[in-house]
Ligand SMILES: *[C@@H]1O[C@H](CO)[C@@H](O)[C@H](O)[C@H]1NC(C)=O
Ligand SMILES: *[C@@H]1O[C@H](CO)[C@@H](O)[C@H](O)[C@H]1NC(C)=O
Ligand SMILES: *[C@@H]1O[C@H](CO)[C@@H](O)[C@H](O)[C@H]1NC(C)=O
Ligand SMILES: *[C@@H]1O[C@H](CO)[C@@H](O)[C@H](O)[C@H]1NC(C)=O
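Residue numbers (mature numbering (1 follows the signal peptide of the UniProt record, and there is no 0)): -17 to -1, 1 to 397.
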């Protein structure tokens, strides 16, 4: 009797759904989504409260209020860019093992819990700063509402996860409140780039299995540098022009700033994906691999980097699985630096010759595919792996195949 009742209830249920579906009243609803951006993927504002010194006479020491520091294309003009890089820089305190802003510089992240600040990196919505916009815009066309069932979790991407304790606690609260505001429906975390190893750190260190089972439906990773990226090796040695943000900047002007970011050390190629025989950097005198990283920092004459490396590079240990269902999406088929070579006299100050391998232009394939190790090894949770051919590191955020995979994940179709 009970069985018959149940069957008829299910039949009526499905009739209802179809009937209302036709009139748009009961369209299937996607799960609530939290976007976790990557390296460079959150807006930063700064207030100069009285800098003891500046790098040029044109640089301000003091401002009355916060102004846009990232991404603000107006700051990328000669001289002004040097002021900018000096304001962005972190100072590593070797006593505490943590970084601080430059003296007299206040920096804050804006838009936590909203999508605006991760959809566009600059408030003028210049095309260079287009970020999660295409994914959020698609989601809105599927019935999502910005700030309600799709929210963003921007952070100070200059820092490694061990310096983001307050943020990670806020992220935990954001998951819980977004769950409650959406009729206790589980959350899908959607990360891009560094947002993924950061989310992995969160899931493996800030919450337990019972919490994950209660709040997290799945983790969709886009273009994750799980085990780091070779671009970081060049960045520490010579500076990197950050052309993945479609802005071309002179590497030499950026090196001091980029080296100071502990997020750079966090993304250094890890022995989980790079073998001791894989040459990262080659000079006339020496080959550098994951086995002699200390020598690399000695030879580029940046020993603070070695301290940062020891603090930040192995925070995710051996990259164990997160214990939530994972849909791992990454681009391949785009030439990606696999090894750098400096001619005699060019190391470390001048740009190296690049030897290319497979990846998304920024993340090497061997780092992106670490998630395959989690199949059958993830607390019984599903892991699906999706290669999107010729999807560049940033372009994957608007690639139709990637967006379709996100849709399937958040509507629980995979
Ligand atoms: C910005 O810094 C100035 C000091 O230069 C200070 O007077 C002002 O209150 C700060 N503004 C905010 C919003 O904190
Ligand atoms: C580093 O941190 C310690 C402890 O907070 C502090 O006493 C020291 O002044 C800091 N060093 C620098 C160079 O700021
Ligand atoms: C670096 O490695 C390459 C390739 O294995 C080798 O040909 C070269 O001699 C090595 N250079 C040094 C300085 O050991
Ligand atoms: C990582 O793996 C290596 C080699 O299997 C092992 O020696 C090391 O203890 C592991 N580290 C952690 C943090 O699990």
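Beta carbons are placed, not taken as given, at the ideal position from N, Cα and C, and that holds for glycine.
How is the alpha helix (DSSP H) around residue i delimited, first residue to last?
| i | result |
| --- | --- |
| residue 383 | 383 to 393 |
| residue 30 | Taken as a continuous stretch (DSSP letters only), residue 30 belongs to no alpha helix (DSSP H), being part of the beta strand (DSSP E) at 27 to 31. |
| residue 287 | 286 to 295 |
| residue 278 | 276 to 282 |
| residue 59 | Premise fails: residue 59 is in no alpha helix (DSSP H) and is neither H nor E. |
| residue 367 | It is not in any alpha helix (DSSP H) - residue 367 instead sits in the beta strand (DSSP E) that spans 366 to 372. |
| residue 138 | Looking at the DSSP string, residue 138 is not in any alpha helix (DSSP H), and its letter there is neither H nor E. |
| residue 245 | 245 to 249 |
Span of the beta strand (DSSP E) holding residue i?
| i | result |
| --- | --- |
| residue 151 | First-last for residue 151: 148 to 164, but that is the alpha helix (DSSP H), not the beta strand (DSSP E). |
| residue 51 | 50 to 53 |
| residue 358 | Residue 358 -> no beta strand (DSSP E), and no H or E assigned at all. |
| residue 18 | 16 to 19 |
Here's a check: name, in chain order, each residue in its chain whose Cβ is nearer than 6 Å to the Cβ of residue i, leaving out the five neighbours to either side.
| i | result |
| --- | --- |
| residue 348 | 315, 341 and 342 |
| residue 240 | 68, 71 and 72 |
| residue 253 | 210 and 211 |
| residue 64 | 236 |
| residue 271 | 263, 264 and 279 |
| residue 91 | 28 |
| residue 257 | 273 |
| residue 248 | 291, 292, 295 and 296 |
| residue 41 | 62 |
| residue 370 | 315 |
| residue 43 | 31 |
| residue 93 | 26, 28 and 100 |
| residue 80 | 294 |
Considering only residues of the same chain and omitting the five flanking positions on each side of residue i, which have a CB-CB separation below 7 Å?
| i | result |
| --- | --- |
| residue 337 | 320 and 323 |
| residue 357 | 304, 309 and 366 |
| residue 392 | 171, 201, 203 and 310 |
| residue 234 | 221, 222, 223, 224 and 334 |
| residue 360 | 304 |
| residue 182 | 19, 172, 174 and 202 |
| residue 109 | 56 |
| residue 457 | Coverage of the chain is limited to positions -17 through 397, which leaves residue 457 absent and any answer about it impossible. |
| residue 251 | 211, 215, 292 and 296 |
| residue 84 | 73 and 90 |
| residue 50 | 28 and 29 |
| residue 350 | 208, 209, 210, 211, 212 and 256 |
My understanding is that residue i touches residue j, with C-beta atoms under 8 Å, so please give their C-beta distance in whole angstroms.
| i | j | result |
| --- | --- | --- |
| residue 198 | residue 158 | 5 Å |
| residue 385 | residue 205 | 6 Å |
| residue 288 | residue 219 | 6 Å |
| residue 380 | residue 118 | 6 Å |
| residue 22 | residue 103 | Rounded, the Cβ-Cβ distance is 17 Å, inconsistent with contact. |
| residue 52 | residue 395 | In fact, because the Cβ distance is near 39 Å, the residues do not count as touching under 8 Å. |
| residue 24 | residue 123 | With a Cβ gap of about 20 Å, residue 24 and residue 123 do not count as contacting. |
| residue 214 | residue 352 | About 17 Å; that fails the 8 Å criterion. |
| residue 298 | residue 184 | 6 Å |
| residue 276 | residue 331 | Rounded, the Cβ-Cβ distance is 14 Å, inconsistent with contact. |
| residue 187 | residue 207 | Wrong, their Cβ atoms sit about 14 Å apart, outside the cutoff. |
| residue 89 | residue 161 | No, residue 89 and residue 161 are not in contact; Cβ-Cβ is about 29 Å, not under 8 Å. |
| residue 306 | residue 195 | 5 Å |
| residue 127 | residue 133 | 5 Å |
| residue 125 | residue 390 | 7 Å |
| residue 266 | residue 325 | 5 Å |
| residue 86 | residue 11 | 54 Å between Cβ atoms; not a contact. |
Spatial neighbours of residue i within its chain, please: C-beta separation below 8 Å, excluding the five flanking residues on both sides.
| i | result |
| --- | --- |
| residue 130 | 96, 97 and 98 |
| residue 142 | 73, 82, 244, 245 and 246 |
| residue 153 | 95 and 136 |
At the 7 Å Cβ level, is residue i part of the contact set with chain B, yes or no?
| i | result |
| --- | --- |
| residue 372 | The structure shown contains no chain B, having only a single protein chain. |
Please indicate yes or no: does the CB of residue i lie closer than 6 Å to some heavy atom of ligand 6?
| i | result |
| --- | --- |
| residue 275 | With respect to ligand 6, the structure shown offers nothing to examine, as its ligands consist of ligand 1, ligand 2, ligand 3 and ligand 4. |
Within the region 65 to 116, ranges of the beta strand (DSSP E) (whole runs, at least 3 residues) | Within the region 65 to 116, the complete beta strand (DSSP E) runs of at least 3 residues fall at 73 to 76, 81 to 84 and 88 to 92.
Entirely within the region 313 to 354 and at least 4 residues each: give me those alpha helix (DSSP H) ranges in chain order.
-> 348 to 351
Just list the beta strand (DSSP E) runs in the region 162 to 234, keeping only unbroken ones of 3 residues or longer that don't cross its boundaries, in chain order.
-> Segments of the beta strand (DSSP E) lying fully in the region 162 to 234: 170 to 175 and 199 to 205.
Lining residues of ligand 1 - beta-carbon closer than 7 Å to any non-hydrogen atom, in sequence order | 30, 31, 32, 33, 45, 46, 47, 48, 49 and 89
Which residues count as close to ligand 2 when the rule is a CB under 5 Å from any of its heavy atoms, in chain order?
-> 76, 78 and 79
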